[in-house]
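The structure under discussion appears below in the form of structure tokens.
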Amino acid sequence: MKIAILPGDGIGTEIVAEAVKVLKALDLQFESEQALVGGAAYEAHGHPLPESTLNLAKAADAVLFGAVGDWKYDKLERALRPEQAILGLRKHLGLFANFRPAICYEQLTHASSLKPELVAGLDILIIRELTGDIYFGQPRGRRVAVDGHFPGAEEAFDTMRYSKPEIERIAHIAFQAARKRGKKVTSVDKANVLETFQFWKDVVTEVHAQYSDVELEHMYVDNAAMQLVKAPKKFDVVVTGNMFGDILSDEAAMLTGSIGMLPSASLDRNNKGLYEPSHGSAPDIAGKGIANPLATILSAAMMLRFSLDQAEAADRIESAVRSVLSAGLRTADIWSEGTQKVSTRDMGDAVVAAVRGASVKT
Ligand code: IPM
Ligand code: MN
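Numbering-wise, the sequence shown is residues 504 to 865 according to the working numbering.
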């Protein structure tokens with residue numbers, strides 16, 4: 504097994520270091536190699552996704568990714584901005600299926616901004632299509648308008664598009680995932696306005712014919728945004744396009760109390776994947792040792808389960824995380840009265856100890 508480790512920017516380096524510690528504590532046989540990505544790679548090599556980093560990711564069985572981005576790069580031309588690194592990895596590795604679970608841990612029910620009874624036991628899975636839609640659609644650019652409300656004015660444009668096979672493959676993934684859980688898929692679209700999403704809805708409905716044991720519901724994205732805060736537990740698997748999935752997954756993450764708890768997996772057609780926390784690089788708290796490493800540690804667990812065929816090791820990490828939470832250890836983002844505030848490193852050490860079978864000391 505070969506794992507490419509790409510910590511990136513901001514808190515990325517701190518949280519990935521903790522996840523690597525946890526992986527090493529499992530005594531599995533794996534090789535790993537680290538490389539720069541994002542702003543850090545731009546500083547060193549003049550590009551956010553250098554050839555060498557991309558090749559390392561391509562050659563590996565899985566990629567463990569931290570986060571990229573910093574406001575200080577906002578003025579760079581788009582192709583050189585840190586975000587291009589993650590977009591480039593998704594595109595070049597064909598990582599079209601993005602799994603973003605939103606699970607409310609029992610111990611953190613009170614950390615949510617919603618009433619505890621709305622989120623207690625919440626376990627939903629957002630499946631976001633990750634290599635299509637307006638994110639990658641061509642053409643895009645700037646030009647002088649020849650029509651529209653202001654002919655002759657400067658304008659910018661992007662293209663929203665999905666091909667049938669792109670929708671079919673993500674729909675199959677969603678129905679298959681639902682089969683292993685609550686057997687319900689909510690497909691989120693904007694079919695009332697957008698041709699792309701009427702097509703999305705039609706294709707998902709067609710694929711559903713092969714999954715009669717799974718319930719399919721269609722929902723407009725604006726309503727989905729509302730239902731997610733009104734009655735989030737009514738969802739099981741949500742499948743949607745790249746942009747709606749970006750937005751709804753942040754919203755769903757917040758239901759659980761902290762985006763600092765949520766892992767994600769981005770998979771290709773062969774279950775090779777890139778694993779990263781759902782949160783970003785948080786430059787405002789970088790270097791302070793207060794970031795929550797649990798989302799990255801849980802991403803490492805997803806990596807073991809999905810790409811490396813080590814489900815048992817993944818279980819060990821996940822139960823270790825539950826036991827440190829039960830012992831009352833909290834990083835600042837999930838801290839509440841009566842719990843113990845710990846640093847990024849202390850949290851990582853506690854998970855390592857729990858993985859090794861020690862009972863968690865507070
Ligand atoms: C995410 C992020 C990225 C996205 C950015 C950093 C390009 O917000 O992974 O959700 O929009 O996909
Ligand atoms: Mn996002």
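Idealized CB from N, CA, C, for every residue including glycine.
On a predicted model such as this, the values are computed, not experimentally measured, just so you know.
Through-space distance from residue j to residue i, alpha-carbon basis
i	j	result
Ala600	Ala677	9 Å
Ser829	Ala853	12 Å
Asn745	Leu633	5 Å
Lys687	Gln730	15 Å
Val858	Tyr723	42 Å
Tyr714	Val732	28 Å
Glu815	Leu777	20 Å
Ser802	Lys618	27 Å
Gly635	Leu583	21 Å
Ala563	Lys505	5 Å
Ala560	Thr799	18 Å
Ala570	Asp705	35 Å
Ala565	Arg819	19 Å
Met764	Gln679	25 Å
Ala522	Asn695	43 Å
Ala605	Leu611	13 Å
Tyr665	Trp703	8 Å
Asp753	Phe653	35 Å
Thr842	Glu821	20 Å
Ala507	Ala756	26 Å
Gly572	Asp716	42 Å
Gly644	Asp650	16 Å
Met850	Gly511	20 Å
Pro668	Arg682	21 Å
Glu609	Gly597	35 Å
Val824	Leu797	7 Å
Ala785	Asn795	11 Å
Gln701	Cys607	32 Å
Glu517	Asp787	14 Å
Trp838	Ile793	11 Å
Arg593	His721	27 Å
Ala659	Pro642	11 Å
Gly515	Ser769	17 Å
Closest residue to residue i among the options (Cα-Cα distance)
i	options	result
Asp661	Arg859, Arg646, Pro654 and Ile637	Ile637
Val495	Glu657, Leu598 and Gln641	Not covered by the structure: residue 495. The range shown for the chain is 504 to 865.
Ser761	Gly776, Ile508, Asp836 and Gly541	Asp836
Leu628	Met504, Leu509, Ser767 and Gly655	Ser767
Asp532	Ala857, Leu811 and Ala823	According to the sequence as given, residue 532 is Gln; it is not Asp. Comparing Cα positions, the closest option is Leu811.
Thr689	Val649, Thr743 and Val566	Thr743
Gly748	Phe602, Lys578, Arg643 and Gln587	Phe602
Lys737	Gly542, Asp771 and Leu625	Leu625
His675	Glu821, Gln537, Ile630 and Ala856	Ile630
Val525	Tyr608, Asp739 and Ala817	Ala817
Met663	Asp692, Gly651, Lys683 and Ser839	Asp692
Leu719	Val740, Arg645, Leu590 and Ser846	Val740
Leu567	His595, Ala823, Glu536 and Tyr545	Glu536
Gly591	Glu580, Phe639 and Ala547	Phe639
Thr759	His782, Ala794 and Val622	Val622
Ala728	Asp530, Leu751 and Thr708	Leu751
Val855	Pro786, Ser839, Gly792 and Ser826	Ser826
Glu546	Arg848, Pro585 and Leu529	Pro585
Gly549	Leu529, Glu698, Ala588 and Gly783	Ala588
Ile670	Asn774, His711, Met805 and Gly515	His711
Val519	Ala659, Thr699, Lys594 and Gly790	Gly790
beta-carbon residue i near the ligand IPM non-hydrogen atom, thresh 7 Å
i	result
Ile508	no
Asp749	yes
Leu590	yes
Residues bridged to residue i [DSSP beta-bridge criterion]
i	result
Asp692	Tyr723
Phe660	Gly644
Glu698	Answer is none; Glu698 lacks a bridge partner.
Pro766	Pro780
Asp626	Ile606
Ser535	Ile506
Thr743	Arg631
Asn601	Arg631 and Ser769
Val566	Ala507 and Leu777
Leu832	Gln843
Glu546	In the DSSP output, where bridge partners are listed per residue, Glu546 has none listed.
Lys687	Glu718
Check: residue i C-beta below 7 Å from any heavy atom of the ligand MN
i	result
Asp573	no
Asp753	yes
beta-carbon residue i near the ligand MG non-hydrogen atom, thresh 7 Å
i	result
Glu586	Absence of the ligand MG is noted for the structure shown, with the ligand IPM and the ligand MN being the only ligands found.
Test: residue i CB closer than 8 Å to a CB of chain B
i	result
Met722	No chain B is part of this structure, which consists of one protein chain only.
Three-pair Cβ contact test at 8 Å for the segment 818-833 versus the segment 546-558: no
The segment 576-591 contacting the segment 531-546, beta-carbon criterion three pairs below 8 Å: yes
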